[in-house]
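First to last, the sequence lines map onto chains A and B. Take 1 as the starting number for the first sequence in the working numbering and just add one per residue. Take 213 as the starting number for the second sequence in the working numbering and just add one per residue. Every residue gets a Cβ at the ideal spot worked out from N, C-alpha and C, and that includes glycine. These notes concern the structure reproduced below.
There are 2 protein chains.
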Amino acid sequence: MNSHVDMKELTARQQAVLDATLAALVDEGDALTMSSVSRRASCSKETLYKWFGDRDGLLTATVRWQASKVNVPVVDKATLDAAALTATLESFARDWLTVISSGTSIALNRVAVSHAGSGKSKLGEIVLKNGRNAMGLRLEPVLLAARDAEILAFTNVQDCFRTFFGLVLRDTQIRLLLGDDLSLTQTQISADADNASAQFMALYGRNPHSKG
Amino acid sequence: MNSHVDMKELTARQQAVLDATLAALVDEGDALTMSSVSRRASCSKETLYKWFGDRDGLLTATVRWQASKVNVPVVDKATLDAAALTATLESFARDWLTVISSGTSIALNRVAVSHAGSGKSKLGEIVLKNGRNAMGLRLEPVLLAARDAEILAFTNVQDCFRTFFGLVLRDTQIRLLLGDDLSLTQTQISADADNASAQFMALYGRNPHSKG
DNA sequence: ACCGAACCGTAACGTTCGTTACGGTTTGAG
DNA sequence: CTCAAACCGTAACGAACGTTACGGTTCGGT
């Protein structure tokens, strides 16, 4: 019961139902019931089952729907000098931190983590693919281009990306998932993003600024 | 119904029951039932309820029990030069990665994350306190001592620790929680720990090695 | 206006599981 | 040995929820 609804053919009504499911997921987490979703979406359970097969199908479709909505930050490779790269990294990190700290992302990651524990669906895989991996796919070409332009120096681009991941997210994601209230302001996020980018450039840049 | 069993007075039999619960948690995740636990522990459900109050009480006691068993890596502040500090960081990072990638840690973090979503218990708080925060409490004195000895340079010790966290764990924990199979060998872990420590020293050390 | 498909709201069914109850057994103190 | 408390194994109860079924309604095509 997986492909009751094809990703490419979602009617407006179905999208509305998935948005309602998303809202339920944020409010109630994995404890959401088919009843609560149908109530929120003003639709019948029969429709939910006809469209999405079963509970897992509904959750899977919801995760996919959200993934299709998230605009992974686009990176421009036009001008490539150290300053432009730093600015790109800062912007990328800022968007990333903003997404990660959103209620939607937290709820989705939580349900995906708990499903990965029971092995009762592929939500973990999907979230991983559209979260971390999508970010890597976007940023790695930039890192490679920067290496070609002799701005960065590294041997393994994936390790390089993983270090950037660590410098940007640090303990933020796990603390949010565990319920810690970080209450990140946009100012905080910007400062953290700039700091992470500077540290990354210090580690991988070929012309590091002299330290004060 | 929280304090049916005091942490400081666990009989051997009770500890055995909690170990069985821990095993059930690793195998079945949050889907474990009181029946499966009683079967594994060869005890009656009545005993589980008498000792731990209810399902949440059992899970909470189990998380606490595991936390009391984990030996957070002890750091020695005896000799303090750059080489000794690096060795300490490497050892610390190695132990940390080993714990994080263990089946027990993954299962515990998963159940804590999903409970944090439903807000139905304080498991997230407990895991946070005994996981991330315990690590910070251990390492921060070392960082401060290293700063006093003019080996490291930083202004905020907590930010400094969070950067170390990011460099060591990177995307490892979230990938494991989402079900990605990293199959970390001890060799891999050692290499990653050494690399993270070197990067940390490069960022915060006062006598960074000249770059090749 | 007529028809059928899709959909809504609600009721009903069956399973799972948390929780409680109970009879039989072990264990340790006196 | 005796007795009471603790514990084991199992059965039973009740609630929650996934899933299905059904009667009434909307709506687009003819």
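Could you tell me whether any Cβ in chain B is nearer than 7 Å to the Cβ of residue i?
{"i": "A:Phe-200", "result": "no"}
{"i": "A:Val-234", "result": "Residue 234 of chain A lies beyond the stretch modelled for chain A, which goes from 1 to 212, so this question has no answer here."}
{"i": "A:Gly-103", "result": "no"}
{"i": "A:Arg-94", "result": "no"}
{"i": "A:Leu-25", "result": "no"}
{"i": "A:Arg-110", "result": "yes"}
{"i": "A:Arg-147", "result": "no"}
{"i": "A:Arg-13", "result": "no"}
Using a C-beta to C-beta distance shorter than 7 Å, which residues of chain B count as neighbours of residue i?
{"i": "A:Ile-99", "result": "The question names Ile, but residue 99 of chain A is Val in the sequence shown. In chain order: nothing, as chain B lies at least about 14 Å away."}
{"i": "A:Ala-66", "result": "Correcting the residue identity first, residue 66 of chain A is Gln in this sequence and not Ala. Here the premise fails: no neighbours, minimum Cβ distance about 15 Å."}
{"i": "A:Phe-165", "result": "Arg-382, Asp-383"}
{"i": "A:Gly-179", "result": "Ala-328, Gly-336, Glu-337"}
Whose Cβ in chain B lies nearer than 8 Å to the Cβ of residue i?
{"i": "A:Ile-189", "result": "The premise fails here: A:Ile-189 is roughly 14 Å from chain B at the closest Cβ pair, so nothing lies under 8 Å."}
{"i": "A:Leu-203", "result": "Gln-411, Ala-414, Leu-415"}
{"i": "A:Asp-30", "result": "Ser-326, Gly-329, Ser-330"}
Could you tell me which chain A residues have their CB closer than 7 Å to the CB of residue i, listed as they occur along the chain?
{"i": "B:Leu-340", "result": "Arg-175, Leu-178, Asp-180"}
Could you tell me which residues DSSP puts in a beta bridge with residue i?
{"i": "B:Gly-417", "result": "B:Leu-364"}
For residue i, go through chain A and note every residue whose CB falls closer than 8 Å to its CB, in chain order.
{"i": "B:Ala-319", "result": "Gly-117"}
Between which residues of its own chain and residue i is the CB-CB distance below 8 Å, once the five residues before and five after are set aside?
{"i": "B:Ser-250", "result": "Ser-256, Lys-257, Thr-259, Leu-260"}
{"i": "B:Lys-332", "result": "Asp-268"}
{"i": "B:Ala-243", "result": "none"}
{"i": "B:Gly-336", "result": "Ala-324, Val-325, His-327, Ala-328"}
{"i": "A:Arg-177", "result": "A small fix is needed here, since residue 177 of chain A is Leu in this sequence, not Arg. Hits under 8 Å: Ile-106, Asn-109, Arg-110, Val-113."}
Who are the near neighbours of residue i in its chain, counting only those whose CB is closer than 7 Å to its CB and skipping five residues on each side?
{"i": "A:Leu-89", "result": "Ser-197, Phe-200"}
{"i": "B:Tyr-416", "result": "Leu-364, Ala-365, Phe-366, Cys-372"}
{"i": "A:Val-127", "result": "Val-63, Leu-108, Asn-109, Ala-112"}
{"i": "A:Ser-190", "result": "Arg-94"}
{"i": "B:Ser-422", "result": "No answer about B:Ser-422 holds up, because its pLDDT of 42 lies below 50 and its placement is not dependable."}
{"i": "B:Gly-241", "result": "Ala-319, Arg-322, Val-323"}
Could you name the residues of chain A that residue i contacts, counting a contact when the two beta carbons are closer than 9 Å?
{"i": "B:Arg-344", "result": "Asp-171, Ile-174, Arg-175, Leu-178, Asp-180"}
{"i": "B:Arg-374", "result": "Arg-170, Asp-171, Thr-172"}
At least one CB of chain A closer than 7 Å to the CB of residue i: is that the case?
{"i": "B:Arg-267", "result": "no"}
So, at 6 Å on beta carbons, what are the nonlocal neighbours of residue i in its own chain, with the 5 sequence-adjacent residues on each side left out?
{"i": "B:Val-284", "result": "Ala-346, Arg-350"}
{"i": "B:Leu-396", "result": "Ser-313"}
{"i": "A:Phe-164", "result": "Phe-200"}
{"i": "A:Phe-92", "result": "Pro-73"}
{"i": "B:Ala-236", "result": "Leu-244, Ser-248, Val-249, Arg-252"}
Please identify, using Cβ separations under 7 Å, the residues of the region 29-49 of chain A that lie next to chain B, in order along the chain.
Gly-29, Asp-30, Ala-31
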